[in-house]
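One structure is given below, encoded as structure tokens.
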Amino acid sequence: MNAGLLVGGVLVGLVALAAVVSFFWTPHDPTLVDAARKLRQPGGGYLLGADKFGRDTFSQLMVGARTTLYVGIVAVGIAAVIGTPLGMIAGMTPRGWLSELIMRVNDLVFAFPALLLAVMLGAVYGPGTLTAMIAIGVATVPAFARVARAATLQVMVTDYILAARAAGRRRPAIAMRHVLPNIGSVLIVQASVSFAIAILAEAALSFLGFGTRPPVPSWGRMLQESQELLFSTPRLALWPGLAIALAVLGFNLLGDGLRDYLDPKLRRVRAEG
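Right under this line is the structure:
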């Protein structure tokens, strides 16, 4: 098995395990403010110590993993559900006006980063988890549309597509029975890579106050709350920063490994090299 795929799978699995376990158990209440345990050092039932409000850092990391995965799953889901059909339509009608319109609108959306979109949505609807999910999802749509279009263009020139056309199959039937199953592997890889980007985006939005609102723990807000104690108590920033880095690394390695595993030609070229 590809080493990157294995390492990425392990890291992603650990994040997912922490998120699932947090539904049923955490060492302490991650939202409980206890002034008596303010900046408590690791030990005595507090594995990673406590923050400036006396909340258990390890419990916050566990629930923060749940928040991160939740935002990532919904945001990537929004991007895939919207971007994939648009990319397929553009790829199946490469010379039509509809394809040109889709790709030009796609370029326009691509010009708006998730942060700017979140600021705009936050000004209208208020900051929060929903705002972060929508902003990240919409900002990721162009990536799925481009990948789906490129993969569809390659599929549309194959013999089985020509045979389906000759048999009189309609475009919706061709798209669902022939195109989508053959571009699925590319979309899976894109979803993994987009998940890593969503983790970073969610952390950045929470850091700036446009993401998950308190008291729900978030890795990005843990970083924001620790910045004033960065030099006196650096561990408060170390653990959420490390969690973000490992989660992003895990999904990137997983995406790269899946690309090698699902693309036999690329795997063969790397083996020969």
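In terms of the UniProt record's numbering, the sequence shown opens at residue 1 and continues consecutively.
Heads up, the beta-carbon is just placed ideally off N, CA and C, and yes, glycines get one too.
Practice problem: Have a look at ALA36 and ALA151 and give me their C-alpha separation to the nearest angstrom. | Solution: Answer to the nearest angstrom: the Cα atoms are 58 Å apart.
Quiz item: Thinking just about the alpha-carbon of each residue, which of GLY13, LYS52, ALA237, GLN154 is nearest to the one in ASP34?
Solution: Between ASP34 and the set GLY13, LYS52, ALA237, GLN154, the nearest pair of CA atoms involves LYS52.
Quiz prompt | Straight-line Cα distance separating GLY83 from GLU272 | solution = Any reading at GLU272 needs caution, since the residue's pLDDT is 49, under 50, leaving its predicted position unreliable; the model's value is listed next. When rounded, the distance between both Cα atoms is 35 Å.
Quiz item: Is the beta carbon of LEU180 within less than 8 Å of some heavy atom of the ligand MN?
Solution: This structure lacks the ligand MN; in fact it carries no ligand of any kind.
Self-check item: VAL10 to ALA114 span [Cα, whole Å]
Solution: Approximately 28 Å, taken between the alpha carbons.
Quiz item: Rounded to whole angstroms, how far is the Cβ of VAL141 from the Cβ of VAL109, which I believe are closer than 8 Å?
Solution: So it is a contact: roughly 6 Å between Cβ atoms.
Quiz item: Would you call SER218 buried or exposed, if buried means 16 or more other Cβ atoms sit within 10 Å of its Cβ?
Solution: With 16 or more neighbouring CB atoms inside 10 Å of its own CB, SER218 falls in the buried class.
Quiz item: CB-CB under 7 Å to ASP56, same chain, minus the five flanking residues each way: which ones, in chain order?
Solution: Excluding residues within five positions, the ones whose Cβ falls inside 7 Å are PRO27, HIS28, PRO30, TYR46, ALA50.
Quiz item: Can you list, in chain order, the residues of its chain whose CB lies under 6 Å from that of LEU253, leaving out five sequence neighbours each side?
Solution: Counting only Cβ-Cβ distances below 6 Å, and skipping sequence neighbours, we find GLY4, VAL7, GLY8.
Self-check item: ASP56 - DSSP class collapsed to helix/strand/coil
Solution: Of the three classes helix, strand and coil, the one that applies to ASP56 here is strand, per DSSP.
Exercise. In the DSSP assignment, find the alpha helix (DSSP H) that holds THR233 and state where it starts and stops.
Key: Following the DSSP letters along the chain, one finds THR233 in no alpha helix (DSSP H), marked with neither H nor E.
Quiz prompt | DSSP-derived helix/strand/coil call for ASP80 | solution = The sequence as given places Ala at residue 80; Asp does not occur at that position. ALA80 falls in the helix class under three-state DSSP.
Quiz prompt | Distance between beta carbons of ILE136 and VAL71, contact taken as under 8 Å | solution = Indeed, because the Cβ distance is near 7 Å, the residues count as touching under 8 Å.
Practice problem: Throw me the rounded Cβ distance for the LEU153 and ALA139 pair, which I believe falls under 8 Å. | Solution: Not a contact, Cβ separation roughly 24 Å.
Quiz item: Taking the runs of the alpha helix (DSSP H) that are 4 residues or longer, which of them lie wholly in the segment 109-144?
Solution: Uninterrupted alpha helix (DSSP H) stretches at least 4 residues long and entirely within the segment 109-144 occur at 114-125, given in chain order.
Practice problem: Return helix, strand or coil for ALA203, following the three-state DSSP convention. | Solution: Here ALA203 sits in helix by DSSP.
Exercise. Give me whichever residues DSSP pairs with TYR46 in a beta bridge.
Key: Bridge partners of TYR46: GLY43.
Self-check item: Stretch pair the segment 62-80 + the segment 188-207: three plus CB contacts closer than 8 Å
Solution: Contact between the segment 62-80 and the segment 188-207 is present, because at least three Cβ pairs lie under 8 Å.
Quiz item: What distance in whole Å lies between the Cβ atoms of ILE73 and ILE89, which are believed to be in contact at a cut-off of 8 Å?
Solution: In this structure ILE89 is not in contact with ILE73, their Cβ atoms being roughly 25 Å apart against a cut-off of 8 Å.
Practice problem: Leaving out five residues on either side along the sequence, give the residues of the same chain with a beta carbon under 7 Å from the beta carbon of THR233. | Solution: So the qualifying residues of the chain are LEU39.
Quiz item: Going straight from the alpha carbon of LEU17 to that of SER59, what length do you get?
Solution: Cα-Cα distance, rounded: 13 Å.
Practice problem: Quick one: give me the first and last residue of the alpha helix (DSSP H) that ASP51 is part of. | Solution: ASP51 -> no alpha helix (DSSP H), and no H or E assigned at all.
Practice problem: Would you mind working out which of MET156, GLY250, ALA166 sits nearest MET176, comparing C-alpha positions? | Solution: Distance check between MET176 and each of MET156, GLY250, ALA166 places MET156 closest, using alpha-carbon atoms only.
Quiz item: Going by other Cβ atoms of all chains shown within 10 Å of its Cβ, with 16 needed for buried, is LEU162 buried or exposed?
Solution: The residue is exposed, with fewer than 16 neighbouring Cβ atoms inside 10 Å.
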